[in-house]
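Some notes on the structure that comes next.
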Amino acid sequence: FVKGGGDGFSSESTVTRTGVEMTSQQSSQILALRDRDQKFDLEISSIGDGILDLQDYALEQNEEVKRQNLMLDSLSAKIDNVHEHVENVNGKMKSTLEKVGRKGDKLCVDIICLVLAIGFAAVIYSIYKETN
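Following the working numbering from start to finish, the sequence shown increments by one per residue and tops out at 126.
Shown next, in the form of structure tokens:
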């Protein structure tokens, strides 16, 4: 900027490179705009750094999701094998029970009776032990 003549608004004015005169107030406003632009640039740069950090986090999460996906696929295959095995065992148990002549619902009753019998035997044994 070059100091120059007056414009009627101020006793001091500035001439720009293009030859247009500016008052000191206009000059200070332009300087304020430049300062504000520099602050904006710093804030934009800070936002850009934050976005790069977020990108790094997103890439790390993507890798973790891929690893967990592989684990889930492996687990799914194992679950399918176990399910097939359980179905085979259930089928064999059903055919065995049919050969013996007892239905599957009676097996539950038999197990409950067996547990109760063992429980009664334990109670009788503890009473017998206390009396002797």
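The C-beta atom is built at its ideal place from N, Cα and C for all residues, glycine as well.
**Request:** Would you tell me roughly how many angstroms separate the C-alpha atoms of G42 and R30, rounded to the nearest one?
**Result:** By 1-based counting over the sequence shown, the position of residue 42 is 48. By 1-based counting over the sequence shown, the position of residue 30 is 36. Their Cα atoms are separated by approximately 18 Å.
Note to self: Check this for me: beta carbons of L101 and L108, under 8 Å apart or not?
What the structure shows: Translated into positions along the sequence shown, residue 101 becomes position 107. Translated into positions along the sequence shown, residue 108 becomes position 114. In this structure, L108 does not lie closer than 8 Å to L101 by Cβ.
Whole-angstrom distance between S89 and L66, CA atom to CA atom = Residue mapping note: residue 66 aligns to position 72 of the sequence shown, counting from 1. Residue mapping note: residue 89 aligns to position 95 of the sequence shown, counting from 1. Between L66 and S89, the C-alpha separation is close to 34 Å.
Check: Any idea what DSSP makes of N56, helix, strand or coil?
Finding: Here residue 56 is taken as the residue at index 62 of the sequence shown, counted from 1. Note: N56 maps to helix in three-state DSSP.
Per-residue burial, M16 [other beta carbons within 10 Å of its own, 16 or more giving buried]
For this step, residue 16 is matched to residue 22 along the sequence shown. M16 comes out buried.
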